[in-house]
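**Student:**
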Amino acid sequence: MTTPRVPTTFTRKVAGGVKTTTTGSLSPSLPTTTTATTTPTTTAAKKLPNGCKISIKNSNLLTSTGLSDLDDIIGGGIPIGSILMVEEDINSSYYMFLLKYFLAEGVLQQQGVFFSSLIGIDPFEILNKLPARITKEEEIEADKNDINNNNNNNNNNNNNNNNNNNNNNNNNNKQPTDELKIAWRYQQYVSNELSKQQQTSSTMNQTFCHSYDFTRKMNIQSMNPELIHTLSHDAQSQTGISPYRNLFLEIQNLVYKYNKEAATNPDQTRVLRLCIQSFSSPLWSNDEEGVIEFLHALKGLLRSSVCTCVISVPTYIYSGAFVKKISHLCDTVVSINSFSGLGGETPEQFAEYLGLFNIRKIARLNTLSLSFHPDMLTFVFKMKRRKMCIETIHLPPESSRAGDSKPDNNDSNKNKSDQTNIISKMKSGSGLLCGGGSSGGGNNPLDF
């Protein structure tokens, strides 16, 4: 006499939360039953902090610098937990525009903002001069108005010149003026099409990076006082204590506060933006070891927090070896060099620009190799009426001028000398990207 075997139960998970249970046995005489039960499954997406996005290149959490041109050339934005260093220029203060962009974006995104400076400036003087937000439609309309005003001025000048000429010259100039009108209409059509494309493409990233107008100031009443943190010179002027230690303790308390709030309410996580102006200047301290220790501690603190930091450093007053140490401790390094500081006359190719914008180092978080390789390391920047623009260098062909069939040897030699002089004075960032530092005075800055 044989005893029947116990039926075996198999459970299979089906997409959509449906579980299929099969009860049967190895014996063909016993019946087999199949039951299906549906269990609801919820896959709620985790909410990102305000003003943040996930990088498609390395999956890092990014936040905007406030300037879309800068976001594009460094890989989409500043990684959370990293340090961005801006090398100051000795003959200009254009770096302050980058700091104001960074602070203004944090205010609009309802993020925590910390600003400190030891160069004798009240932090609230900088916060009171932050640029006001401008929408894409207002920016496009303002650019059109500027173009129309410039064209009207040019037309008025042309009309005045034509009135001074005789009738024969007026008759000869009819055809070029008609061509200019047709070209202007075509240019306006192209600009309208480009503005539509920019408007549609910016809808996805509208909350990530805003546009700003430096001709207007941000309303200080719109700032949340609980999210604004400053540290003035008086708070750090204590005898016998390093200012870097006091600064780190202040930052550490803020970071712990925001980390605690993020752990308590994960859906309401706020990013803390740290901004330090003219860090390691002689007005702070002459303790170079204190600078290195501060950056070591700050880098380790930011790695385990929802914070990011932007510092500006006057590298022109330090030796190349010390600048290499500071750059090594920072994740992303950029520099601004105005043409006025390079010496000599600015070449005609760069007449509409103010200086060079160099990338010296790209952030490498959670990876050993670069996940983002910029096409260029040296850019040019200019100041429009309302904003700052960083553009790619576009040089015309050598010895090419409109209407010339044969190039002049003297002009070609002069253009070549101007370009070689300006390129030799470029401080390219290719050395730091390959593991080295900024090149010396006698080496070619474009060599690895």
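For the sequence shown, this note's numbering begins at 816 and goes up steadily by one. Beta carbons are placed, not taken as given, at the ideal position from N, Cα and C, and that holds for glycine.
#1: Kindly list the residues whose CB is nearer than 6 Å to the CB of residue 1037, restricted to its own chain and excluding five residues on each side of it in sequence; keep chain order.
#2: Would you mind stating whether residue 1145 and residue 898 have Cβ atoms separated by less than 8 Å?
#3: Going by C-alpha distance, which of 874, 918, 929 and 863 is nearest residue 1065?
#4: From the DSSP output, which residues share a beta bridge with residue 1126?
#5: Starting from residue 1028 and walking both ways along the beta strand (DSSP E), at which residues does that stretch end?
#6: Go through its chain and collect everything with a Cβ distance to residue 1105's Cβ below 7 Å, but skip five positions before and after it.
#7: Are the CB atoms of residue 1027 and residue 947 within a distance shorter than 8 Å?
#8: I believe residue 1121 touches residue 1074 by the beta-carbon criterion, under 8 Å. Please report the beta-carbon distance rounded to the nearest angstrom.
#9: Mapping DSSP to helix, strand and coil, what is residue 1043?
#10: For residue 932, collect the residues of the same chain with a Cβ closer than 7 Å to its Cβ; drop the 5 residues on either side in sequence, then sort them by chain order.
#11: Expressed to the nearest angstrom, what Euclidean distance is found between the alpha-carbon atoms of residue 1166 and residue 1196?
#12: Do residue 873 and residue 1186 have their CB atoms nearer than 8 Å?
#13: Could you check whether residue 865 and residue 926 sit closer than 8 Å to each other, using their CB atoms as the reference points?
#14: Can you list, in chain order, the residues of its chain whose CB lies under 6 Å from that of residue 1046, leaving out five sequence neighbours each side?
#15: Taking DSSP as the reference, what is the three-state secondary structure of residue 921?
#16: Applying the 10 Å Cβ sphere with the 16-neighbour rule, what's the burial state of residue 936?
#17: Tell whether a beta-carbon distance below 8 Å holds between residue 1030 and residue 1179.
#18: Select from 888, 884 and 896 the residue whose C-alpha is nearest the C-alpha of residue 867.
#19: Which residue's Cα is closest to the Cα of residue 1189: 1155, 1147 and 1163?
#20: Roughly how many angstroms separate the alpha carbons of residue 1125 and residue 1140, rounded to a whole number?
#21: Thinking C-alpha only, which one of 1138, 1163, 1118 and 949 is nearest residue 1209?
#22: Please tell me whether residue 923 and residue 1044 are closer than 8 Å, where the distance is taken between their beta carbons.
#23: For a test of the three-state rule: what should DSSP assign to residue 877, helix, strand or coil?
#24: Between which two residues does the beta strand (DSSP E) carrying residue 946 extend?
#25: Run through DSSP, which three-state label would residue 1171 get?
**Tutor:** Looking at the coordinates:
#1: none
#2: A contact, by the Cβ cut-off of 8 Å.
#3: 929
#4: In the DSSP output, where bridge partners are listed per residue, residue 1126 has 900 and 1091.
#5: It spans 1026-1032 - the beta strand (DSSP E) in which residue 1028 sits, taken as one unbroken run.
#6: 1057 and 1059
#7: yes
#8: 7 Å
#9: strand
#10: 938, 1092 and 1093, listed in sequence order.
#11: Between the C-alpha atoms of residue 1166 and residue 1196 there is a straight-line separation of about 11 Å.
#12: yes
#13: yes
#14: 931 and 1065
#15: helix
#16: exposed
#17: no
#18: 896
#19: 1147
#20: 17 Å
#21: Residue 1209 has its Cα closest to that of 1163, out of 1138, 1163, 1118 and 949.
#22: No, they are not a contact pair.
#23: strand
#24: Segment 946-949, the beta strand (DSSP E) holding residue 946.
#25: strand
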